[in-house]
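Enquirer: Just dropping this structure here.
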Amino acid sequence: MDIINKIKELKKAKNAIILTHCYQNIEIDEVSDFVGDSLYLSKMAAQTNADIIIFAGVYFMAQSAKLLSPNKKVLMPNINAGCEMADMITVEKLKKLKEKYPNLPVVCYINSTAEVKALCDVCCTSSNAVDVIKNLNAEKIIFVPDNYLGKFVESKLDNTEIITFDGCCPIHQKITVEDIKKARIDYPKAVVLAHPECNQEVVKASDFVGSTKQIMDFVLNTDYKQYVIATEKGVVDRLNRDSKNNNWDKEFILINENIICPDMKKNTLQDILQVLETEENEITLDDEVIETGRKCIDKMFELTK
Ligand code: 13P
Ligand code: SF4
């Protein structure tokens with residue numbers, strides 16, 4: 304039996320589901336129950352009746368699934384798949400920032416560890432960051448760890464000052480305004496779409512800025528022939544696959560061939576089969592972290608109901 308069928312069979316036997324982030328290696332989609340961005344996957348993790356969740360993504364995403372489904376077994380195909388941005392904000396650094404700006408609401412990007420979430424009031428994803436912060440109705444907040452997403456949200460709101468931590472995604476950081484200028488010469492009729500983790504110059508030079516889901520929705524609701532995509536390669540691979548399978552007659556071009564998150568690509572089909580067999584790489588969290596970290600995610604759902 305081939306590896307795909309082995310995984311499918313074992314998944315059924317163990318009542319397991321596979322949640323897959325759209326930056327993963329595309330062949331993982333074939334064995335996945337749900338593929339999407341971090342907001343969609345956290346909703347799926349909260350709703351599932353499965354006994355085992357295999358999270359094909361990075362560490363903070365699997366931790367979020369555990370926060371939302373603490374009684375389920377959450378496994379990672381490769382336990383070393385981390386997120387460099389999430390690791391920039393440590394509990395110690397966050398405590399210092401809170402001491403420097405006491406009494407301000409603290410919002411964290413979902414790209415943060417469960418231990419950091421446990422010290423924050425609410426979290427958000429790139430899909431709902433503007434709504435979450437707007438609905439907090441605060442004059443001033445602390446936002447960690449992504450400086451660029453924080454600045455992007457601040458530019459969308461009239462009455463909220465955002466103190467941002469100096470973190471960023473080293474992968475999106477590689478996208479430059481020169482890449483966009485070059486793309487405009489190479490593909491003069493294309494529209495340029497960027498993720499808000501890109502730096503402010505790139506954001507300003509793009510035609511549309513949105514999360515993974517918002518970029519995918521933009522594509523479905525518009526009629527361009529070419530789209531230059533300023534985010535991770537996995538999104539481009541999926542859009543080109545869907546275009547081919549559905550005869551969209553649309554082409555998707557990655558802004559710069561180096562926009563690949565090496566951590567996201569650590570998970571393989573072989574790893575998935577192995578954790579299904581052995582149930583290793585389990586995510587565990589302290590009860591206290593589960594209780595307070597979960598409140599931080601629940602508050603995000605509450606503010607965006
Ligand atoms: P999404 O919230 O769009 O899934 O992005 C997660 C991420 O890691 C972006 O770099
Ligand atoms: Fe983290 Fe950036 Fe990779 Fe997303 S692309 S998982 S933010 S390092």
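Residue numbers (our numbering): 304 to 608.
Where is the CB? At the ideal position from N, CA and C, for every residue including glycine.
In the DSSP assignment, find the alpha helix (DSSP H) that holds Glu312 and state where it starts and stops.
Expert: What you label residue 312 is simply residue 9 of the sequence shown in a count that begins at 1. It spans Ile306 to Ala316 - the alpha helix (DSSP H) in which Glu312 sits, taken as one unbroken run.
Enquirer: Using only the alpha-carbon positions, how far apart do Glu457 and Val419 sit?
Expert: Along the sequence shown, one-based indexing puts residue 457 at 154. Along the sequence shown, one-based indexing puts residue 419 at 116. Distance between the alpha carbons of Glu457 and Val419: 22 Å.
Enquirer: Quick one, are the C-beta atoms of Gln366 and Ile586 less than 9 Å apart?
Expert: For the purposes of this step, residue 366 is taken as the residue at position 63 of the sequence shown. For the purposes of this step, residue 586 is taken as the residue at position 283 of the sequence shown. Yes, they are a contact pair.
Enquirer: Any heavy atom of the ligand SF4 inside 8 Å of the beta-carbon of Glu387?
Expert: Against the sequence shown, residue 387 aligns to sequence position 84. Yes - the ligand SF4 has a heavy atom lying nearer than 8 Å to the Cβ of Glu387.
Enquirer: Within the present structure, is the beta-carbon of Val505 separated from the nearest heavy atom of the ligand 13P by less than 8 Å?
Expert: The count along the sequence shown starts at 1 and reaches residue 505 at position 202. Flag unset: Cβ of Val505 not near the ligand 13P.
Enquirer: I'd like to know if Cys426 contacts chain B, where contact means its C-beta is closer than 9 Å to some C-beta of that chain.
Expert: The chain inventory of the structure shown lacks chain B, comprising one protein chain alone.
Enquirer: Looking only at C-alpha atoms, which of Glu583, Met567 and Lys598 sits nearest to Cys325?
Expert: Walking along the sequence shown from the start, residue 325 turns up at place 22. Among Glu583, Met567 and Lys598, the Cα nearest to that of Cys325 belongs to Met567.
Enquirer: Measuring only the C-alpha atoms, how far is Leu371 from Ala348?
Expert: Translated into positions along the sequence shown, residue 371 becomes position 68. Translated into positions along the sequence shown, residue 348 becomes position 45. Straight-line Cα distance between these residues: approximately 7 Å.
Enquirer: In three-state DSSP terms, what is Ala533?
Expert: What you label residue 533 is simply residue 230 of the sequence shown in a count that begins at 1. Three-state DSSP puts Ala533 in a strand.
Enquirer: Are the beta-carbon atoms of Ile413 and Met364 separated by less than 9 Å?
Expert: As a working mapping, residue 413 is identified with position 110 in the sequence shown. As a working mapping, residue 364 is identified with position 61 in the sequence shown. Closer than 9 Å, so yes.
Enquirer: Within the stretch 479-545, note down every full alpha helix (DSSP H) run reaching 4 residues or more, in order along the chain.
Expert: Whole alpha helix (DSSP H) segments, 4+ residues: 480-489, 503-508 and 515-523.
Enquirer: Confirm, please, whether the CB-CB distance from Val447 to Val409 is below 9 Å.
Expert: The residue labelled residue 409 in the question sits at position 106 within the sequence shown. The residue labelled residue 447 in the question sits at position 144 within the sequence shown. Closer than 9 Å, so yes.
Enquirer: Do you know offhand how far Leu322's Cα is from Ile356's?
Expert: Position 19 of the sequence shown, counted from the start, is the residue given in the question as residue 322. Position 53 of the sequence shown, counted from the start, is the residue given in the question as residue 356. Their Cα atoms are separated by approximately 7 Å.
Enquirer: Please classify Asn381: is it buried, with 16 or more other beta-carbons within 10 angstroms of its beta-carbon, or exposed?
Expert: On the sequence shown, residue 381 is found 78 positions in, with the first residue counted as 1. By the neighbour-count rule (16 or more Cβ atoms within 10 Å), Asn381 is buried.
Enquirer: Look up Cys325 in the DSSP assignment and say whether it is helix, strand or coil.
Expert: Within the sequence shown, the letter at position 22 stands for residue 325. Cys325 falls in the coil class under three-state DSSP.
Enquirer: State the CB to CB distance for the pair Ile496 and Ile518, rounded to an integer number of angstroms; the pair is presumed to be in contact (CB under 8 Å).
Expert: The count along the sequence shown starts at 1 and reaches residue 496 at position 193. The count along the sequence shown starts at 1 and reaches residue 518 at position 215. Note on identity: in this sequence residue 496 is Leu, with Ile being the wrong assignment. Contact holds; Cβ gap of about 5 Å.
Enquirer: What separation, rounded to the nearest whole angstrom, lies between the Cα atoms of Ala359 and Tyr343?
Expert: Here residue 359 corresponds to residue number 56 of the sequence shown, with the count starting at 1. Here residue 343 corresponds to residue number 40 of the sequence shown, with the count starting at 1. Roughly 14 Å between the two C-alpha positions.
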